[in-house]
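Report on the following structure.
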Amino acid sequence: MLKEKRTIIHKGRTVGVNASGYDSSDKIDVPSHPVIFTKRATSIIANEEDILLDENFTSSLDYEGEIGVIIGKGGSHITEQNANEHIWGYTIINDITARERQRDHKQFYIRKSADSYCPLGPLAVPACALDTKTMTVTTHVNGQLRQKGSLEDLIFSIPELISTLSQSQTLRPGDVIATGTPAGVGIGRNPPVFLKVGDEIEVSVSGIGTLTNKVVNATNETYIGDRLEQENHIPISNLAITNGGIGLTTLPCGKQLNVKIIGSGPETIIFVHGLGGSISFYTPIVAGLGLDKEDSQYTTLLFDLEGHGLSTTKATSKVDIQSYVQDIKSLIDVLDIPTHKKITLVAHSMGCLVASLFASQNVNLVDRLVLIGPPPCPLPAAGVEGSLKRATLVREEGMRNVAIAVATAGTSAKTRADRPLAFTAVQMSLLAQDPEGYAKGCTALASAANLNINFEQIGRKVETLIITGDEDKISPPAHVQKLAKAMGGDSIVLPGVGHWHVFEDCEGVLRAVTGFLLAPSAKVELKEGKLTNGQ
171 MLKEKRTIIH
181 KGRTVGVNAS
191 GYDSSDKIDV
201 PSHPVIFTKR
211 ATSIIANEED
221 ILLDENFTSS
231 LDYEGEIGVI
241 IGKGGSHITE
251 QNANEHIWGY
261 TIINDITARE
271 RQRDHKQFYI
281 RKSADSYCPL
291 GPLAVPACAL
301 DTKTMTVTTH
311 VNGQLRQKGS
321 LEDLIFSIPE
331 LISTLSQSQT
341 LRPGDVIATG
351 TPAGVGIGRN
361 PPVFLKVGDE
371 IEVSVSGIGT
381 LTNKVVNATN
391 ETYIGDRLEQ
401 ENHIPISNLA
411 ITNGGIGLTT
421 LPCGKQLNVK
431 IIGSGPETII
441 FVHGLGGSIS
451 FYTPIVAGLG
461 LDKEDSQYTT
471 LLFDLEGHGL
481 STTKATSKVD
491 IQSYVQDIKS
501 LIDVLDIPTH
511 KKITLVAHSM
521 GCLVASLFAS
531 QNVNLVDRLV
541 LIGPPPCPLP
551 AAGVEGSLKR
561 ATLVREEGMR
571 NVAIAVATAG
581 TSAKTRADRP
591 LAFTAVQMSL
601 LAQDPEGYAK
611 GCTALASAAN
621 LNINFEQIGR
631 KVETLIITGD
641 EDKISPPAHV
651 QKLAKAMGGD
661 SIVLPGVGHW
671 HVFEDCEGVL
681 RAVTGFLLAP
691 SAKVELKEGK
701 LTNGQ
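Numbering follows the numbering used here, in which position 356 of the sequence shown is assigned residue number 526; successive positions increment by one, without gaps.
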């Protein structure tokens, strides 16, 4: 169905006076060469959308039912003999026209390109599924037959039209050519009969279907204008993966984020992933904690950071740690996440900076904080430089090389040697990222060079657990133990683990988090590693 016509139209090209029975009442001589004009993008509307009659613009609104040719293979200087190779298929067009504007302006464009003057659709049918020799086009107005013709009636054949157009311009896939209308248009009747408000026009083409539109009175604020206001010409990254944003949550600021809510318990737990991660990073933790059970005491909120996973990002959007914090605040408000029993935040890597900053700004909302592999804050110069270089690299080369490099540097020797699934999971998480979204995440991390968080103040109000791996280069054990001491919290160092803790030792992370949530102030003995109270 061609409900969103802009997805297939690059430029509408229309042929004037191209049927042997075309009415001569418009005082246009039969041409010796094809007459070509374009239809403005705002003239194109879909099946069942309204044709706008502006009585200050025209009193001679007319219909022209036509067969539309859809170009599937681009090219220039196409010969008539090869033209059919460039046709993808066919659709239906109603070439709406303001007749007196041709008389007054002596050209086609103004009279044929007004808003809504090119109804198109409802289907696009491949050429291989149609017999063009028997294709007919008919037009009915309020159920009355007005036009009937076929491609055999064309003065200039479709191959000739394609060849003519391609001599001066390069045709592109998605271009649509309206081939011309048969006899029976309103101006050709005696006396002329033009369209009026309330008229319904049905243009049918055998093998394709029927294009139906009604005429309505145009107002100063039309749906065409509303549509243009809603259109965003600022590039949006990572939009195609959700087929235009299907299923995403829109924040008041216009951001579209991928969000997942599990359960409806009175307590809230929010998961914040890190750079190169997504909601999926926490899947085994959510399952292991039983957060997906019907009797869970928690409402669980997971979301992809802007530009990560399935979430989008606009070219104009400035992304930093504070913007991520604001997104959490917006999600809590928009989704009515319960906060009366305070919030538990679980975060990984860069997400730890986000969670910590959120906690520092909302100490009355946060009860417990689990930081998995928190980087130093402020971020050291070496970390800033590396993040900025990585952002440049992915914008130039994409994610492939970065995914391999990060997976290799960010995992432990044991993971690289003995945990192939974990090593692969890290690569897959990175390869699944949109390059621009990931690059913005890198620059957001780099912005932490100027980030100041009062961890001691957080620790006075919030119970804290900090987890790292003994081979975590981003969050080394000495840093974690120092941070835990400053916050008066607990720390755990997982042996044989790098920076991708959940992938590398899911059971170890789960044991630590489970013990902390069950008894946040208690010391919990583990089989591998020991939980210590700020020491």
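The C-beta atom is built at its ideal place from N, Cα and C for all residues, glycine as well.
Collapsed DSSP secondary structure at residue i in the structure displayed
| i | result |
| --- | --- |
| H310 | strand |
| L688 | helix |
| Y287 | coil |
| E437 | strand |
| Y233 | coil |
| V576 | helix |
| L653 | helix |
| A294 | coil |
| L591 | helix |
| D301 | coil |
| E255 | helix |
| A682 | helix |
| V663 | strand |
| S194 | Bear in mind that a pLDDT of 45 at S194, under 50, signals an unreliable position, so the number given afterwards is only what the model happens to contain. Helix at S194. |
| E633 | strand |
| Q277 | coil |
| Q603 | coil |
| G319 | strand |
| T249 | coil |
| F625 | helix |
| N620 | helix |
| K610 | helix |
| S407 | strand |
| I214 | strand |
| V596 | helix |
Option nearest residue i by Cα separation, candidates the options
| i | options | result |
| --- | --- | --- |
| S230 | H256, R271, G553 | R271 |
| N264 | T309, L515, A253 | T309 |
| A457 | G446, L472, D604 | L472 |
| E250 | I332, L621, K652 | I332 |
| V346 | T638, I214, I542, K318 | I214 |
| V307 | T351, M657, L459 | T351 |
| G444 | V536, L223, Q603, A253 | Q603 |
| E434 | T470, F451, G446 | A small correction: the amino acid at residue 434 is Ser; Glu does not occupy that position in the sequence shown. Ranking the options by Cα distance to S434, first place goes to T470. |
| E677 | I623, A592, A614 | A592 |
| V632 | D506, C423, N387, V516 | V516 |
| T613 | T334, V489, K425 | V489 |
| E641 | S617, G629, V667 | V667 |
| P665 | S582, E606, D537, I455 | S582 |
| S599 | S530, F673, R565 | F673 |
| E255 | S526, K430, S246 | S246 |
| L726 | I432, A485, K512 | There is simply no residue 726 to check, as the chain begins at 171 and stops at 705 in what is shown. |
| R281 | L290, G291, R269 | R269 |
| A577 | I257, H671, T482 | H671 |
| I248 | A573, I328, M305 | I328 |
| I449 | I325, L341, V205, V429 | V429 |
| D274 | T228, G313, T412 | T228 |
| E234 | D506, R342, I623, L315 | L315 |
| I266 | P508, A284, G556 | A284 |
| P436 | N413, S466, F528 | S466 |
| I491 | F528, I507, E464 | F528 |
Cβ distance (whole Å) where residue i is taken to contact residue j below 8 Å
| i | j | result |
| --- | --- | --- |
| N475 | G611 | Reading the sequence as shown, one finds Leu at residue 475 and not Asn. Rounded, the Cβ-Cβ distance is 7 Å, consistent with contact. |
| D220 | K384 | 6 Å |
| Y468 | I502 | That belief does not hold up - the Cβ atoms of Y468 and I502 are roughly 14 Å apart, past 8 Å. |
| P548 | H649 | Not a contact, Cβ separation roughly 13 Å. |
| L635 | A579 | Between A579 and L635 the Cβ distance is about 26 Å, and since that is not below 8 Å, they are no contact. |
| F207 | Y279 | 6 Å |
| V679 | I644 | In fact, because the Cβ distance is near 16 Å, the residues do not count as touching under 8 Å. |
| L421 | V504 | 6 Å |
| I707 | I237 | This structure cannot settle anything about residue 707, because the visible part of the chain is limited to 171 through 705. |
Cutoff 9 Å: residue i Cβ touching any chain D Cβ
| i | result |
| --- | --- |
| K652 | Here chain D cannot be found, since the structure has a single protein chain. |
| Complete runs of the alpha helix (DSSP H) confined to the stretch 448-497 [at least 4 residues] | Complete alpha helix (DSSP H) runs here, min 4: 453-458.
| request: Please confirm if the stretch 294-304 is in contact with the stretch 404-414, defined as three or more CB-CB distances below 8 Å between the two stretches. | output: Result no; under three Cβ-Cβ pairs closer than 8 Å.
| Can you list the alpha helix (DSSP H) stretches of 4 or more residues lying completely in the stretch 492-532, in chain order? | The DSSP assignment places 520-531 as complete runs of the alpha helix (DSSP H) inside the stretch 492-532, in order along the chain (cut-off: 4 residues).
| message | Below 8 Å, how does it come out for the stretch 241-257 and the stretch 353-366: are there three or more Cβ pairs, yes or no? | response | Note that the stretch 241-257 does not touch the stretch 353-366; fewer than 3 beta-carbon pairs, one per stretch, sit closer than 8 Å.
| task | Can you check the stretch 322-392 for any alpha helix (DSSP H) of at least 4 residues that lies completely inside it and give the ranges in chain order? | result | Qualifying alpha helix (DSSP H) stretches, in chain order: 328-336.
| field | Segment contact, 8 Å Cβ cut-off, at least three pairs: the stretch 474-488 with the stretch 391-400 | value | Taking a cut-off of 8 Å for Cβ pairs, the stretch 474-488 and the stretch 391-400 do not touch, as fewer than three such pairs fall below it.
| query | Touching or not, the stretch 653-666 and the stretch 556-563, by the rule of three or more beta carbon pairs under 8 Å? | reply | By the Cβ test, the stretch 653-666 is not in contact with the stretch 556-563, since fewer than three Cβ pairs between them sit closer than 8 Å.
| field | Segments of 3+ residues assigned as beta strand (DSSP E) that fall wholly inside the stretch 531-570 | value | Qualifying beta strand (DSSP E) stretches, in chain order: 536-542.
| message | Under 8 Å: do the stretch 585-597 and the stretch 412-429 share three or more Cβ pairs, one atom per stretch? | response | Contact fails: fewer than three Cβ-Cβ distances are below 8 Å.
| query | Three or more C-beta pairs closer than 8 Å, one from the stretch 359-379 and one from the stretch 200-213: is that the case here? | reply | Cβ pair count under 8 Å is below three, so no.
| request: Answer yes if the stretch 532-546 comes into contact with the stretch 504-518, meaning at least three C-beta pairs across the two stretches below 8 Å, and no otherwise. | output: Yes, they touch.
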